[in-house]
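Colleague: Residue numbers (my numbering), protein chains in the order written: chain A, 107 to 258; chain B, 107 to 258; chain C, 107 to 258.
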Amino acid sequence: MTIKNRLEELGLVLPPPPEPAAHYRPWVRDGDIIYLAGQTPKKGTELQYIGQVGAELDLNAGRAAAGLCALRLLSALQEAVGDLNKVTQISKLTVFVNAAQGFADHPKVANGASDLISAVMGDVGLHARSAVGVSSLPGNAAVEVEMIARCQ
Amino acid sequence: MTIKNRLEELGLVLPPPPEPAAHYRPWVRDGDIIYLAGQTPKKGTELQYIGQVGAELDLNAGRAAAGLCALRLLSALQEAVGDLNKVTQISKLTVFVNAAQGFADHPKVANGASDLISAVMGDVGLHARSAVGVSSLPGNAAVEVEMIARCQ
Amino acid sequence: MTIKNRLEELGLVLPPPPEPAAHYRPWVRDGDIIYLAGQTPKKGTELQYIGQVGAELDLNAGRAAAGLCALRLLSALQEAVGDLNKVTQISKLTVFVNAAQGFADHPKVANGASDLISAVMGDVGLHARSAVGVSSLPGNAAVEVEMIARCQ
Numbered sequence: 107m108t109i110k111n112r113l114e115e116l117g118l119v120l121p122p123p124p125e126p127a128a129h130y131r132p133w134v135r136d137g138d139i140i141y142l143a144g145q146t147p148k149k150g151t152e153l154q155y156i157g158q159v160g161a162e163l164d165l166n167a168g169r170a171a172a173g174l175c176a177l178r179l180l181s182a183l184q185e186a187v188g189d190l191n192k193v194t195q196i197s198k199l200t201v202f203v204n205a206a207q208g209f210a211d212h213p214k215v216a217n218g219a220s221d222l223i224s225a226v227m228g229d230v231g232l233h234a235r236s237a238v239g240v241s242s243l244p245g246n247a248a249v250e251v252e253m254i255a256r257c258q
Numbered sequence: 107m108t109i110k111n112r113l114e115e116l117g118l119v120l121p122p123p124p125e126p127a128a129h130y131r132p133w134v135r136d137g138d139i140i141y142l143a144g145q146t147p148k149k150g151t152e153l154q155y156i157g158q159v160g161a162e163l164d165l166n167a168g169r170a171a172a173g174l175c176a177l178r179l180l181s182a183l184q185e186a187v188g189d190l191n192k193v194t195q196i197s198k199l200t201v202f203v204n205a206a207q208g209f210a211d212h213p214k215v216a217n218g219a220s221d222l223i224s225a226v227m228g229d230v231g232l233h234a235r236s237a238v239g240v241s242s243l244p245g246n247a248a249v250e251v252e253m254i255a256r257c258q
Numbered sequence: 107m108t109i110k111n112r113l114e115e116l117g118l119v120l121p122p123p124p125e126p127a128a129h130y131r132p133w134v135r136d137g138d139i140i141y142l143a144g145q146t147p148k149k150g151t152e153l154q155y156i157g158q159v160g161a162e163l164d165l166n167a168g169r170a171a172a173g174l175c176a177l178r179l180l181s182a183l184q185e186a187v188g189d190l191n192k193v194t195q196i197s198k199l200t201v202f203v204n205a206a207q208g209f210a211d212h213p214k215v216a217n218g219a220s221d222l223i224s225a226v227m228g229d230v231g232l233h234a235r236s237a238v239g240v241s242s243l244p245g246n247a248a249v250e251v252e253m254i255a256r257c258q
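1) Is residue 180(B) helix, strand or coil when you go by DSSP?
2) Decide yes or no for the touch test of the region 171 to 187 of chain B against the region 245 to 255 of chain B: beta carbon pairs closer than 8 Å, at least 3 of them.
3) Ignore the nearest five residues each way along the sequence and tell me which others in residue 213(A)'s own chain have a CB closer than 7 Å to its CB.
4) Which bits of chain C does residue 55(B) rub up against, with CB to CB less than 8 Å?
5) Going by C-alpha to C-alpha distance, which of 193(C), 243(C) and 137(C) sits closest to residue 226(C)?
6) Which ranges does the alpha helix (DSSP H) cover as unbroken runs of at least 4 residues, wholly within the region 110 to 194 of chain A, from first to last along the chain?
7) Rank 228(B), 241(B) and 232(B) by C-alpha distance to the C-alpha of residue 142(C) and give the top, closest one.
8) Along chain B, in chain order, which residues have C-beta atoms closer than 8 Å to that of residue 217(A)?
9) Can you tell me the Cβ-Cβ gap for residue 247(A) and residue 204(A), rounded? I've got them flagged as a contact below 8 Å.
10) Does the Cβ-Cβ distance between residue 240(B) and residue 240(C) come in under 8 Å?
11) Here's the rule I'm using: 16 or more other beta-carbon atoms within 10 Å means buried, otherwise exposed. How should residue 161(A) be labelled?
12) When the cut-off is 8 Å and only beta carbons count, does residue 246(C) lie next to chain B?
13) My assumption, with CB atoms under 8 Å, is that residue 215(B) sits in contact with residue 169(B). Please give the rounded CB distance.
14) If we ignore side chains and look at the alpha-carbon of each, how far apart do residue 132(A) and residue 183(C) end up?
15) Could you work out which residue in 148(C), 108(C), 138(C) and 137(C) is closest to residue 124(C) when comparing CA atoms only?
16) Is it buried or exposed for residue 211(A), if we count other Cβ within 10 angstroms and need 16 for buried?
17) For residue 146(B), count neighbouring C-beta atoms within 10 Å of its own C-beta (all shown protein chains included) and say buried if the count is 16 or more, exposed if not.
18) Kindly list the residues whose CB is nearer than 7 Å to the CB of residue 116(A), restricted to its own chain and excluding five residues on each side of it in sequence; keep chain order.
19) At what residues does the beta strand (DSSP E) containing residue 255(C) begin and finish?
20) Rounded to whole angstroms, what is the Cα-Cα separation between residue 188(C) and residue 230(B)?
21) Please tell me whether residue 47(B) has its Cβ less than 8 Å away from any Cβ of chain C.
22) Measuring only the C-alpha atoms, how far is residue 186(A) from residue 257(A)?
23) Just list the residues that DSSP pairs residue 231(A) with in beta bridges.
24) So, at 7 Å on beta carbons, what are the nonlocal neighbours of residue 195(B) in its own chain, with the 5 sequence-adjacent residues on each side left out?
25) Can you pull the chain B residues whose beta carbon is under 7 Å from the beta carbon of residue 169(A), in chain order?
26) Which residues, taken in chain order from the region 153 to 186 of chain A, show a beta carbon closer than 7 Å to some beta carbon of chain C?
27) Grouping DSSP H, G and I as helix and E and B as strand, with all else coil, what is residue 199(B)?
28) In angstroms, rounded to a whole number, what distance separates the CA positions of residue 167(B) and residue 155(B)?
29) Among 235(A), 121(A), 159(A) and 110(A), which residue has its Cα nearest to the Cα of residue 152(A)?
30) From residue 221(B) to residue 235(B), what does the alpha carbon distance come to, in whole angstroms?
31) With 9 Å as the C-beta to C-beta threshold (strictly closer), list the residues of the region 197 to 210 of chain A near chain E in chain order.
32) Could you round the C-beta distance between residue 202(C) and residue 159(C) to whole angstroms and report it? I think they count as a contact, below 8 Å.
33) Secondary structure at residue 241(C), three-state DSSP: helix, strand or coil?
34) Using a C-beta to C-beta distance shorter than 7 Å, which residues of chain C count as neighbours of residue 250(A)?
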């Protein structure tokens, strides 16, 4: 089954690839390694999840925010490689959760990204991961996720 | 001297490799690069150092916590490559310290990981490193450390 | 135009390469990938920007701090590869901003690093980037920046 079929089956639509906002790029292809810039949970240019998880936002909102970041990363990755079927490994995710001091459920938030990526990409999508709590994020986003991937 | 001898000489025992808890993996081998998931200071499944360094925990506890994270990373790395003697470089550590605002001694905490890794791995263990303070970590762990390594 | 010319034109002088302070290194060359340790905004061994951006320090100070981190990273990178003209890609920057809860302008702070690097390195300097807010940094530095680069 192709990635396109999986996306359809899951009812997911890749958004347009994120645009660079300054002197950096949403992705850099470095040989067969693709480094992807951190993505926040936007639709178009509008943040969908704003505030701290565990304070203004609950765990479900945090998980959904992480999923939205992941979808934007997959869109950037598709732009980088041309076709997601050419991706041989999602190597690493780092999930930064905007969270109040003492928040402890970062892995559950991060699962929103990991679950979506493994659902779309299959075994190729199983990645190493770090999830940490930060005190602030761009635009007061709830979550920011970055990725390293490998392609053919 | 082999890594096994060094571990014995140092009185260190590698714990069982960490288990994945969700749709991600403790390590991903990507060609000769190994990306290792962030580890917290657990024995088995029990966190040993809980709370903020500089608040509930002092610097020595933070340093010991970082060392325990490093030991778990070496265990995951051994699983990834089969034999730690095949590791040609510990490339990068990122040390996330759960710390109160104004805490400034992250490098001393991070040394708990760097010292252990260089003691076990020798020159191969000398890595690039970042150490930063985060406002929360999974399970309210004191420290989380991630690693990138290279093997034959 | 060589990197040396660009630096001169921009009125920039690379500082001496940063020294390791413990069992880690300012850079590790791993095949053609160079991992650079996180740098804080120092001149020599003295931090120039101390405190939280959005509290003790304003946005302009944060941006200047990020630029100073970038200059130190370029110095470390030059030491790693011998000649900055051999760098084929600045692959990734991670910008950790010491910021109060609710701070939202991390990208503008990070631009201080991205703008300097792209001014010096040209298209090769356009990188993937993450910018996040942390609650504390070594020495209470305002910013810490780490880099991954590729060389010939």
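Note that CB positions come from ideal geometry on N, CA and C, so glycine has one too.
Modeller: Reading it off the structure:
1) helix
2) yes
3) 237
4) This structure cannot settle anything about residue 55(B), because the visible part of chain B is limited to 107 through 258.
5) 193(C)
6) 165 to 187
7) 232(B)
8) 128 and 129
9) 6 Å
10) yes
11) exposed
12) yes
13) 6 Å
14) 22 Å
15) 148(C)
16) buried
17) buried
18) 225 and 226
19) 249 to 257
20) 21 Å
21) Outside the shown range of chain B (107 to 258) lies residue 47(B), about which nothing can therefore be said.
22) 10 Å
23) None, per the DSSP bridge assignment.
24) 230, 255 and 256
25) Within 7 Å Cβ-Cβ: nothing; residue 169(A) doesn't reach chain B, min ~11 Å.
26) none
27) strand
28) 7 Å
29) 121(A)
30) 12 Å
31) Among the protein chains of the structure shown, namely A, B and C, there is no chain E.
32) The Cβ separation is near 11 Å, so there is no contact.
33) coil
34) 236 and 238
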